[in-house]
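Working notes, structure below.
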Amino acid sequence: MTKNDAPEKSAVNIDIEKIEENYFSKEKYKEKRRGKAFQYLCLSTICDLNLDEIDEEDIIDGGDEEGIDIIFIKEIENNLVVNIFNCNSSLTNNYSANEMTKISAGINYVFESTKDQINKISNIKLKKKIFDIRSDKETISEINIFYCVFNGKNIAPNVERKRGEIQKRYSSFLRSQYPNAKLSIEFINFLALFKRKMKNLESLKDRIVEIPYYDKDKKIRSEILTGEIEGYLTTFKSQNIAKLVEDYGDALFEKNIRGWLRYNKKNREIYDSCSGLESNIFWFLNNGITMTGDKVYADDDKAKWTITNLQIVNGQQTARMIHEAYKNQKLKKDVKVMCRIYQLNNYNIISKITKATNLQSSISGRDLMSNDPKQIAIADCFEEMGYFYERQRGEIRISKKYKSNISSKKLAQISLGILCKKPSLARKNMEDNFFNTNKNYYEIFDRNPKELLLAYLLYKYCNNSKNDKDELKYFGVLHIGRIIWEIKKNEFIEDMDKTIKAFEEQKNNLSSEYENALKILKEIFKQEKTSIENLGHYLSRIEVDDLIFRKLQEKTAK
0 MTKNDAPEKS AVNIDIEKIE ENYFSKEKYK EKRRGKAFQY LCLSTICDLN LDEIDEEDII
60 DGGDEEGIDI IFIKEIENNL VVNIFNCNSS LTNNYSANEM TKISAGINYV FESTKDQINK
120 ISNIKLKKKI FDIRSDKETI SEINIFYCVF NGKNIAPNVE RKRGEIQKRY SSFLRSQYPN
180 AKLSIEFINF LALFKRKMKN LESLKDRIVE IPYYDKDKKI RSEILTGEIE GYLTTFKSQN
240 IAKLVEDYGD ALFEKNIRGW LRYNKKNREI YDSCSGLESN IFWFLNNGIT MTGDKVYADD
300 DKAKWTITNL QIVNGQQTAR MIHEAYKNQK LKKDVKVMCR IYQLNNYNII SKITKATNLQ
360 SSISGRDLMS NDPKQIAIAD CFEEMGYFYE RQRGEIRISK KYKSNISSKK LAQISLGILC
420 KKPSLARKNM EDNFFNTNKN YYEIFDRNPK ELLLAYLLYK YCNNSKNDKD ELKYFGVLHI
480 GRIIWEIKKN EFIEDMDKTI KAFEEQKNNL SSEYENALKI LKEIFKQEKT SIENLGHYLS
540 RIEVDDLIFR KLQEKTAK
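Sequential numbering from 0 applies to the sequence shown in numbering that gives the first Met the number 0.
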């Protein structure tokens, strides 16, 4: 940093330095340390992730990466969003046409290279990501390319031209090969990162929002008043809804139990409805929007609503798609939106309203189960053992008093893989496999919290032993952990407090068991007659779980 750095640049540099200290302090070379930290910052900020949620499999950088540093595939309901990053942490470099050429070559490898070309790639993480992307073509709804240069300034004409060429070429390609995908290419610098960070932290607490009446001559009265709740039923012009989303963005939806599902099938229908020939009957075709506020005041004299801490708890998809149509100058002026407004500040009631009004379409299983008694009990027990358990997305708070932060999704993956003996199913990392009560939820979580913590510590041990030059060690962490647990289970659970302490103090030497687990996996693959094109992809196939089970039974019988 220099004395003349802008406040935003200084703030982003501080974030990078914190990540260096907390995650990459063992890296010998300063330039590499900063580069890795910048990658973490870009991924966490742009994709709105906690730093502890970042999976090293997503960090492609490390040789033969073809101009790609990160590939992060995000699951949004039944759709996948592919985020591809090229990151440059230099304090002096600007956006480069040469680097754009490298990015173009990398995109070509991801989407157009032949199997022979893919198999020649020495970067096992890139290879695995390519197989993942190509196996889910129809479910990919977005492909976002982020060219992140810390000190990026004005975009030169030749750089902009390169972006246009990539956009033009792959837009037509995607229409045929990835029919549901939308392509975007964004340039990100320190200022863009800072603004995104602020947007991620945005809150409407104590903010007063004003919305004009639809009918200025109408007298507004509450429809019902019951104890703490006062309810209104009204209509808004669609332009006013779009303006709310434009002005306040994600802050409007903080109490919504799910995110924006973007251009999925239902949302496309909303978009078409508010921008098409039937726009005049949108009010009748759409379920409308539900808002809450700590204070709600209908001012008839000024013909406007005044709402404190406004939240849209239902109808986010409607509001977002109206805003999309507004941005694209497609929103019809005759579109009107039905709206329910509740004045209340009781969290429990807000939560009930949010769940009840969102049941018309699917919600994240993790969010729905976050207040389940089992989740609360696990959190309480982990707290006693010195660990923070993140029951729902965004809840995590880094604190020195905790030994580690463990998300419910990560714990579910570990429990399903190691304790439930389904590592291949767990590797798919699908929330429906974790939190659906008709599938694996109770098998995963209905356990002694100490057993769950032991599985987490065993996973951590195996994860720390992995090597990105050895595909089996790298991609087989859950499988290795599952086998070690089978071998050592009785010893582990005989005195769980003692075993936990041994793991925490790194005194639990499992090197022989680790090598034995590797040997068992290698024997299984040797017996398989089918060729394995990509081990990382193969280890996500469900039949591998059965092969491990049978192999361990054979060894027990002997």
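Glycine included, each C-beta is placed from N, C-alpha and C at the ideal position.
For residue i, the nearest candidate out of the options (CA to CA)
i      : options                           : result
Ile144 : Glu185, Asn153, Lys242 and Lys114 : Glu185
Asp431 : Asp366, Arg206, Tyr455 and Asn157 : Asp366
Lys73  : Asn489, Pro178 and Asp54          : Asp54
Asn122 : Leu509, Ile541, Tyr513 and Tyr473 : Tyr473
Ile165 : Ile102, Lys194, Asp115 and Met368 : Ile102
Leu551 : His536, Leu538 and Glu522         : Glu522
Ser221 : Tyr213, Tyr231 and Lys215         : Tyr231
Gln328 : Gln238, Cys419 and Trp282         : Gln238
Ile210 : Ser140, Ile154 and Ile340         : Ile340
Ser9   : Leu90, Ala378 and Val109          : Leu90
Leu203 : Gln505, Asp246, Phe433 and Gly151 : Asp246
Ile154 : Asp371, Lys554 and Met99          : Met99
Asn78  : Phe434, Ala516, Asn515 and Tyr177 : Tyr177
Cys338 : Asn286, Arg206, Phe387 and Ala302 : Asn286
Asn462 : Gly480, Glu253 and Leu452         : Gly480
Leu520 : Thr498, Ile492 and Lys554         : Lys554
Leu284 : Ser43, Gly275 and Thr225          : Gly275
Where the alpha helix (DSSP H) containing residue i begins and where it ends
i      : result
Ser407 : Ser407 to Ile413
Ser103 : Ala96 to Glu111
Thr436 : From DSSP, Thr436 is part of no alpha helix (DSSP H); its letter is neither H nor E.
Contact check, residue i vs residue j, beta carbons under 8 Å
i      : j      : result
Asn93  : Val11  : no
Ile157 : Ala96  : With the sequence shown as reference, residue 157 is identified as Asn, and Ile is not the correct amino acid for it. In this structure, Ala96 lies closer than 8 Å to Asn157 by Cβ.
Ile288 : Val334 : no
Cys273 : Ala324 : yes
Gly579 : Asn85  : No statement about residue 579 is possible, as the shown extent of the chain runs from 0 to 557 and does not include it.
Ile132 : Ala180 : no
Ile306 : Val244 : no
Glu450 : Met495 : yes
Ile547 : Ile482 : yes
Ala425 : Leu415 : yes
Lys373 : Gly385 : no
Ile69  : Asp57  : yes
Gly364 : Phe434 : yes
Asn533 : Phe110 : no
Between the CA atoms of residue j and residue i - distance to the nearest angstrom
i      : j      : result
His568 : Ser423 : The structure shown does not extend to residue 568, since the chain is modelled only from 0 through 557, so no value can be given for it.
Asn3   : Asn188 : Low per-residue confidence applies at Asn3: pLDDT is 48, beneath 50, and the placement is therefore not dependable enough to give any value.
Cys380 : Tyr458 : 19 Å
Glu201 : Asn49  : For Glu201, the predicted model reports a pLDDT of 45, less than 50, meaning its position is unreliable; a value from the coordinates is still stated below. Roughly 16 Å between the two C-alpha positions.
Lys75  : Val81  : Looking at the sequence provided, one finds Ile at residue 75 rather than Lys. Looking at the two C-alpha atoms, the distance is approximately 11 Å.
Thr250 : Thr138 : According to the sequence provided, residue 250 is Ala. The question's Thr does not apply to it. Their Cα atoms are separated by approximately 28 Å.
Arg549 : Ala454 : 22 Å
Val476 : Asp469 : 11 Å
Phe71  : Lys215 : 48 Å
Ile120 : Gly61  : 12 Å
Lys408 : Met320 : 29 Å
Asn404 : Thr234 : 44 Å
Glu19  : Ile280 : 55 Å
Gln359 : Ala297 : Unreliable placement is indicated for Gln359, whose pLDDT of 48 sits below 50; the coordinate value is still reported in the next sentence. When rounded, the distance between both Cα atoms is 29 Å.
Leu471 : Ser511 : 16 Å
Tyr513 : Leu410 : 21 Å
Leu192 : Lys31  : 20 Å
Lys518 : Phe524 : 10 Å
Glu504 : Leu456 : 11 Å
Ile240 : Lys303 : 14 Å
Ile413 : Ala501 : 19 Å
Glu26  : Gln38  : 14 Å
Limits of the beta strand (DSSP E) - the one that residue i falls within
i      : result
Ser183 : Lys181 to Ile187
Cys338 : Lys335 to Gln342
Glu229 : Ile228 to Lys236
Pro211 : Ile207 to Pro211
Phe563 : Because the chain spans 0 through 557 in this model, residue 563 falls outside it and cannot be assessed.
Ala297 : Lys294 to Asp298
Ile129 : Element bounds for Ile129: not the beta strand (DSSP E) but the alpha helix (DSSP H), Ile123 to Arg133.
Whole-number beta carbon distance between residue j and residue i, since they are thought to touch under 8 Å
i      : j      : result
Ile219 : Leu343 : Ile219 to Leu343, Cβ: 18 Å. No contact.
Asn199 : Asp14  : The pair is not a contact, with the Cβ atoms about 12 Å apart (cut-off 8 Å).
Tyr213 : Lys236 : 6 Å
Ile59  : Lys136 : That pair is no contact at about 20 Å.
Leu509 : Tyr440 : Contact doesn't hold; Cβ gap of about 29 Å is too wide.
Leu260 : Gln310 : Not a contact, Cβ separation roughly 18 Å.
Gly421 : Asp544 : Correcting the residue identity first, residue 421 is Lys in this sequence and not Gly. About 5 Å; that satisfies the 8 Å criterion.
Arg390 : Ala378 : 6 Å
Val312 : Ile352 : 6 Å
Leu278 : Lys331 : Sequence inspection shows Ser at residue 278; the Leu mentioned does not correspond to that position. Between Lys331 and Ser278 the Cβ distance is about 4 Å, and since that is below 8 Å, they are a contact.
Thr498 : Asn507 : 7 Å
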